[in-house]
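K.L.:
Protein chains: 2
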Amino acid sequence: MRLMSFLSLLLSLALPAKAEVEVHATGDLGVVIERTTGSVLIVDQSDMDVLARVEGFGDLSHASAVFSPDARFAYIFGRDGGLTKLDLVTQSIAGRVMQAGNSIGGAISDDGRLVAVSNYEPGGVRVFDAQTLDLVADFPTQSKTIGLVDAPGGRFVFSMWDTGETWIVDMSDATPDVTKVSGMGANPYDALITGDGRRYIVGLFGEDGMSTLDLWSDAPVAQRILPGYGRGEEPLPVYKMPHLEGWALAGDRFALPAVGRHELLWLDAQKLTELGRTKTHGQPVFAVARPDGRHVWVNYAHPHNDTVQVIEAASGEVLHTLKPGPAVLHMEFTARGHQVWVSVRDANRIDIYDTQTFEKIGEVPAETPSGIFFTARAHRIGL
Amino acid sequence: MRLMSFLSLLLSLALPAKAEVEVHATGDLGVVIERTTGSVLIVDQSDMDVLARVEGFGDLSHASAVFSPDARFAYIFGRDGGLTKLDLVTQSIAGRVMQAGNSIGGAISDDGRLVAVSNYEPGGVRVFDAQTLDLVADFPTQSKTIGLVDAPGGRFVFSMWDTGETWIVDMSDATPDVTKVSGMGANPYDALITGDGRRYIVGLFGEDGMSTLDLWSDAPVAQRILPGYGRGEEPLPVYKMPHLEGWALAGDRFALPAVGRHELLWLDAQKLTELGRTKTHGQPVFAVARPDGRHVWVNYAHPHNDTVQVIEAASGEVLHTLKPGPAVLHMEFTARGHQVWVSVRDANRIDIYDTQTFEKIGEVPAETPSGIFFTARAHRIGL
């Protein structure tokens with residue numbers, strides 16, 4: 327045997343065998359908020375598996391996530407004002423900023439360059455460079471700031487609990503351009519943007535009804551809708567008011583929680599007028615539409631939070647009732663809709679269901695899981 | 327050293343190291359078809375750059391691509407019947423099958439497990455395991471087979487030029503279930519599925535008008551629409567008939583090429599009835615909607631194929647005319663809509679435009695580029 331071959335043979339015997347490498351790509355990954363432990367799971371949707379647990383996210387008792395356009399980074403917004411950049415490739419924290427006090431909600435710009443975070447204290451929105459987390463703009467509002475979303479054209483939109491204003495901030499040029507719209511109503515408590523980025527819909531706590539803005543207008547003006555949608559016959563405290571993330575667009579209609587009633591409302595998606603109601607098992611919290619818009623999956627507030635119902639959008643009929651377990655907090659569909667992942671907080675588990683047959687097809691262990699966010703959100707306006 | 331420790335050490339040296347997990351970001355990648363050279367570029371949309379050129383795809387004179395759910399693999403369908411699995415992470419071909427003769431069109435199932443390819447010769451659809459490219463099912467039709475799409479629930483839908491039938495194949499169980507619908511019309515030449523996976527719309531060459539199926543129905547029946555949409559006053563040859571990939575959904579309406587006229591048609595997306603027309607610079611080939619649905623970008627057939635127009639969906643008005651260069655073949659928006667990439671075949675270049683300002687913001691060199699496909703398509707029904 328020649329010398330080089332002999333040396334190669336010796337080396338191959340002496341060195342440890344080469345490690346097997348499992349390659350994952352970010353297109354089908356997701357993050358799961360572990361609310362009690364301040365940690366985040368990185369999951370692989372296709373493999374129905376956990377890739378890693380990452381610690382150090384602070385107070386995740388109310389948390390959300392957005393993704394960079396390449397689906398490499400998740401930006402996790404924590405209740406304590408923490409903004410944490412999670413690298414799904416290295417499975418570690420790439421940056422972290424304590425950007426304010428009591429804080430709910432964040433968004434990423436359409437080009438992925440800016441991350442905005444709203445806060446209750448001191449009140450306002452701060453905008454950060456998505457790469458470095460350097461502060462690039464600060465919008466103090468002297469008000470609890472709610473309903474922060476991204477809109478096409480490099481914009482962020484948010485509203486003020488105290489003043490009833492909505493601000494539209496255009497970050498696409500060197501100098502931010504701020505349009506202030508007043509008269510949205512008494513005590514906006516939450517808002518959403520429609521999937522086409524056109525309409526900004528605001529929930530009001532201080533009066534019955536909701537307000538909407540047409541973001542395609544050069545000078546948007548508040549329009550009132552749903553005059554009967556209010557705090558209910560027995561006025562609810564604000565923390566029991568339905569969150570607008572609980573709205574779902576299913577085909578030509580929205581599904582949304584009724585206020586203080588065991589009902590799901592249906593709205594014509596163009597006119598925003600009521601089409602009808604479905605009686606439900608409990609007070610709906612989230613309605614989530616299967617991506618084809620044919621069905622809506624609904625979870626409920628305590629004490630009915632062990633139950634999920636599947637409702638057909640066209641007819642409003644309940645097709646199926648599931649009992650995943652104690653404290654169902656969140657549901658997330660795969661992007662093409664073939665599976666739905668359901669967090670069952672008090673069973674420390676995520677259940678995975680087939681969305682055609684409603685059969686449970688898998689599960690993933692998680693510590694008090696709440697929100698589940700798949701990377702496909704990187705590619706959708708407002709998410 | 328104690329015996330057990332020594333044995334453990336020996337074992338750890340002898341056994342392969344535990345599998346390492348490597349994650350790669352694939353969310354903002356894309357593939358560009360280089361039609362003359364049978365090669366494919368892998369591009370990075372955020373960086374506006376080419377990552378690699380990969381050779382060996384055969385005849386790409388008419389080619390398309392779909393993506394695996396993790397956005398790791400692109401499946402490229404070539405004119406010569408080639409089905410090639412491209413690994414975007416290793417930037418190399420991971421598998422290749424010459425699955426038939428003359429062939430146009432392919433699709434991937436909603437769960438990413440199966441890839442289907444249709445062909446003109448011998449006529450039919452073949453279904454392959456997406457991982458191994460093993461043949462798992464064969465549907466001979468004795469007809470040129472066209473209009474292959476995926477539909478929710480693990481289904482594939484395709485139509486027959488010779489017999490005017492549409493087949494709906496459900497692959498979700500061990501045995502495929504085939505529903506055959508007759509009477510779609512004379513000589514279906516192309517088809518599309520709406521983004522909600524509900525309606526399958528078929529273009530007819532042998533008669534004026536189109537046909538549609540409601541895929542939510544248990545027993546779908548062909549419905550005629552657009553009775554005036556035919557081969558035109560001077561009947562066109564089939565290769566000049568507008569391809570249904572040229573349709574765009576913009577908000578509440580479809581934009582589609584008129585037949586043999588310099589016009590864009592607008593259809594009510596619910597009723598599929600005509601709303602109006604916009605006079606255009608040339609015979610439209612592709613209308614592509616900006617993801618928020620506010621604008622549609624349109625390119626034209628030779629000799630007007632150096633021009634692109636931006637048309638406002640709500641008003642039907644032409645907002646802007648661009649002259650990217652000779653032979654604009656394809657346009658692809660980033661997922662949230664802030665950029666559009668435009669292939670300029672005879673300038674060997676892809677132009678990149680800002681979709682708010684219409685300014686050119688970058689370019690990428692490419693050999694006779696035609697189709698551009700971003701990985702965000704992995705997450706959309708029918709793409």
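Protein chains in written order, with this note's numbering: chain A, 327 to 709; chain B, 327 to 709.
Think of the CB as a built atom: it goes at the ideal place given N, C-alpha and C, for glycine as much as any other residue.
Remember, it's a predicted structure, so these values are computed and weren't measured experimentally.
(1) I want to verify the contact list: residues of chain B whose CB lies under 8 Å from the CB of glutamate 348/A, in sequence order.
(2) Is proline 395/A buried or exposed, if buried means 16 or more other CB atoms sit within 10 Å of its CB?
(3) Do methionine 536/A and isoleucine 519/A have their beta-carbon atoms positioned less than 8 Å apart in this structure?
(4) Can you list the residues of chain A that leucine 707/B reaches, using a CB-CB cut of under 8 Å?
(5) Compare the Cα-Cα distances from glycine 490/B to each of Pro478/B, Gly532/B, Val475/B and report the closest residue.
(6) May I have the straight-line CA-CA distance separating arginine 706/A from arginine 662/B, to the nearest angstrom?
(7) Under 8 Å, do serine 390/A and glycine 697/A count as touching if we go by C-beta distance?
(8) May I ask you to report which of helix, strand or coil DSSP gives arginine 579/B?
(9) Roughly how many whole angstroms lie between the Cα atoms of valine 380/B and threonine 416/B?
(10) Classify glutamine 665/B as buried or exposed, calling it buried when 16 or more other Cβ atoms lie within 10 Å of its own Cβ.
(11) Name the chain A residues that come within less than 7 Å of glutamine 417/B, Cβ to Cβ?
(12) Determine, using beta carbons only, whether alanine 639/B and histidine 656/B come nearer to each other than 8 Å.
(13) Rounding to the nearest angstrom, what Cα-Cα distance links aspartate 534/B and leucine 591/B in this structure?
(14) Would you say aspartate 766/B reaches chain A, if we count a Cβ-Cβ gap shorter than 8 Å as a contact?
(15) Cβ of threonine 410/A less than 8 Å from any chain B Cβ?
(16) To the nearest angstrom, report how far apart arginine 452/B and phenylalanine 403/B are at their CA atoms.
(17) Relative to the alpha-carbon of proline 563/B, which residue among Lys597/B, Ala574/B, Val585/B has its alpha-carbon at the smallest distance?
(18) Compare the C-beta of arginine 398/A against all C-beta atoms of chain B and say whether one is closer than 8 Å.
(19) Going by other Cβ atoms of all chains shown within 10 Å of its Cβ, with 16 needed for buried, is isoleucine 687/B buried or exposed?
(20) Within 10 angstroms of the Cβ of glutamine 322/B, are there 16 or more other Cβ atoms? Answer buried if so, exposed if not.
(21) Flag threonine 725/B as yes if its beta-carbon sits less than 8 Å from any beta-carbon of chain A, otherwise no.
(22) Quick one: is alanine 702/A near chain B, going by C-beta distance under 8 Å?
(23) Can you check whether the C-beta of glutamine 596/B is within less than 8 Å of a C-beta belonging to chain A?
(24) When the Cα atoms are used, what is the spatial distance from threonine 701/B to lysine 566/B?
(25) Contact check, phenylalanine 684/A vs leucine 648/A under 8 Å by CB: the rounded distance?
(26) Taking the alpha carbon of aspartate 503/A as the point to measure from, which residue in Tyr526/A, Ile676/A, Asp544/A has its own alpha carbon closest?
(27) Mind checking if proline 691/B is an interface residue toward chain A, Cβ cutoff 8 Å exclusive?
(28) I'd like to check one pair, leucine 474/B with glycine 432/B: are the Cβ atoms closer than 8 Å?
(29) Would a C-beta distance cut-off of 8 Å place glycine 356/A and valine 369/A closer than the cut-off?
(30) Given a limit of 8 Å on CB to CB distance, which residues of the region 515 to 530 of chain B reach chain A?
(31) Which residues in chain D have a C-beta closer than 8 Å to the C-beta of aspartate 578/B? List them in chain order.
(32) Consider the Cβ of tryptophan 542/B: report whether some Cβ of chain A lies at a distance smaller than 8 Å.
(33) Work out the CA separation of threonine 352/A and aspartate 413/A for me, nearest whole Å.
(34) Whole angstroms are fine: how far does the CA of alanine 397/B sit from the CA of aspartate 594/A?
P.N.:
Based on what the coordinates show:
(1) Locating residue 348/A in the first sequence gives position 22, where the first residue counts as 1. What glutamate 348/A touches in chain B: Ala345, Glu346, Val347, Glu348.
(2) Against the first sequence, residue 395/A aligns to sequence position 69. With at least 16 other beta carbons inside 10 angstroms of its own, proline 395/A counts as buried.
(3) Working through the first sequence from its first residue, we reach residue 519/A at position 193. Working through the first sequence from its first residue, we reach residue 536/A at position 210. Not a contact, by the Cβ cut-off of 8 Å.
(4) Counting from one through the second sequence, the residue named residue 707/B turns up at place 381. Checking the sequence shown, residue 707/B turns out to be isoleucine, not leucine. By Cβ distance, chain A contributes Pro617, Asp618, Arg662, Gly663.
(5) Translated into the one-based positions of the second sequence, residue 490/B becomes position 164. If we check each option's Cα against that of glycine 490/B, Gly532/B comes out closest.
(6) The count along the first sequence starts at 1 and reaches residue 706/A at position 380. The count along the second sequence starts at 1 and reaches residue 662/B at position 336. Answer to the nearest angstrom: the Cα atoms are 6 Å apart.
(7) Start at 1 with the first residue of the first sequence, and residue 390/A comes out as number 64. Start at 1 with the first residue of the first sequence, and residue 697/A comes out as number 371. Cβ atoms of serine 390/A and glycine 697/A: closer than 8 Å.
(8) Residue mapping note: residue 579/B aligns to position 253 of the second sequence, counting from 1. Here arginine 579/B sits in strand by DSSP.
(9) Within the second sequence, the letter at position 54 stands for residue 380/B. Within the second sequence, the letter at position 90 stands for residue 416/B. Spanning the two alpha carbons is a distance of roughly 11 Å.
(10) What you label residue 665/B is simply residue 339 of the second sequence in a count that begins at 1. Classification of glutamine 665/B: buried, given that the 10 Å Cβ count is 16 or more.
(11) Here residue 417/B is taken as the residue at index 91 of the second sequence, counted from 1. Going along chain A, no residue has its Cβ under 7 Å from glutamine 417/B, so there is no contact; the nearest lies around 13 Å.
(12) For the purposes of this step, residue 639/B is taken as the residue at position 313 of the second sequence. For the purposes of this step, residue 656/B is taken as the residue at position 330 of the second sequence. Cβ atoms of alanine 639/B and histidine 656/B: not closer than 8 Å.
(13) Looking up residue 534/B in the second sequence gives position 208. Looking up residue 591/B in the second sequence gives position 265. A direct Cα-to-Cα measurement between aspartate 534/B and leucine 591/B gives close to 15 Å.
(14) One cannot answer for residue 766/B here, as it falls past the ends of chain B, which runs 327 to 709.
(15) Along the first sequence, read from residue 1 onward, the residue named residue 410/A stands at position 84. Chain B, which has no Cβ nearer than 8 Å to the Cβ of threonine 410/A, makes this no.
(16) Indexing the second sequence from 1 puts residue 452/B at position 126. Indexing the second sequence from 1 puts residue 403/B at position 77. Going from the Cα of arginine 452/B to the Cα of phenylalanine 403/B covers about 12 Å.
(17) Within the second sequence, the letter at position 237 stands for residue 563/B. Nearest option by C-alpha distance: Val585/B.
(18) For the purposes of this step, residue 398/A is taken as the residue at position 72 of the first sequence. So yes, arginine 398/A belongs to the interface.
(19) Sequence index remark: in the second sequence, residue 687/B carries index 361 (1-based). By the 10 Å Cβ count, isoleucine 687/B comes out exposed.
(20) Given that chain B is displayed from residue 327 to residue 709, the structure contains no residue 322/B and the question cannot be resolved.
(21) Since the first residue shown for chain B is 327 and the last is 709, residue 725/B is missing from the structure and cannot be characterised.
(22) Along the first sequence, read from residue 1 onward, the residue named residue 702/A stands at position 376. Yes, because at least one Cβ of chain B sits closer than 8 Å to the Cβ of alanine 702/A.
(23) For the purposes of this step, residue 596/B is identified with residue 270 of the second sequence, where counting begins at 1. True, the Cβ-Cβ gap to chain A drops below 8 Å.
(24) Here residue 701/B is taken as the residue at index 375 of the second sequence, counted from 1. Here residue 566/B is taken as the residue at index 240 of the second sequence, counted from 1. Looking at the two C-alpha atoms, the distance is approximately 29 Å.
(25) What you label residue 684/A is simply residue 358 of the first sequence in a count that begins at 1. What you label residue 648/A is simply residue 322 of the first sequence in a count that begins at 1. That pair is a contact at about 7 Å.
(26) Counting from 1 along the first sequence, the entry for residue 503/A is found at position 177. Sorting Tyr526/A, Ile676/A, Asp544/A by C-alpha distance to the C-alpha of aspartate 503/A places Asp544/A at the top.
(27) Here residue 691/B is taken as the residue at index 365 of the second sequence, counted from 1. Residue contact check for proline 691/B against chain A: no CB pair falls below 8 Å.
(28) Against the second sequence, residue 432/B aligns to sequence position 106. Against the second sequence, residue 474/B aligns to sequence position 148. Yes.
(29) For the purposes of this step, residue 356/A is taken as residue 30 along the first sequence, with counting starting at 1. For the purposes of this step, residue 369/A is taken as residue 43 along the first sequence, with counting starting at 1. Yes. Within cutoff.
(30) Close to chain A, meaning a Cβ-Cβ distance shorter than 8 Å, are the following residues of the region 515 to 530 of chain B: Asp522, Gly523, Arg524.
(31) Judged by its chain identifiers, the structure shown contains no chain D, and its protein chains are A and B.
(32) Numbered from 1 along the second sequence, position 216 holds the residue referred to as residue 542/B. Chain A contact via Cβ: present.
(33) The residue you call residue 413/A lines up with position 87 of the first sequence. The residue you call residue 352/A lines up with position 26 of the first sequence. Aspartate 413/A and threonine 352/A: Cα-Cα distance of roughly 10 Å.
(34) Residue mapping note: residue 594/A aligns to position 268 of the first sequence, counting from 1. Residue mapping note: residue 397/B aligns to position 71 of the second sequence, counting from 1. Each residue's alpha carbon lies about 35 Å from the other.
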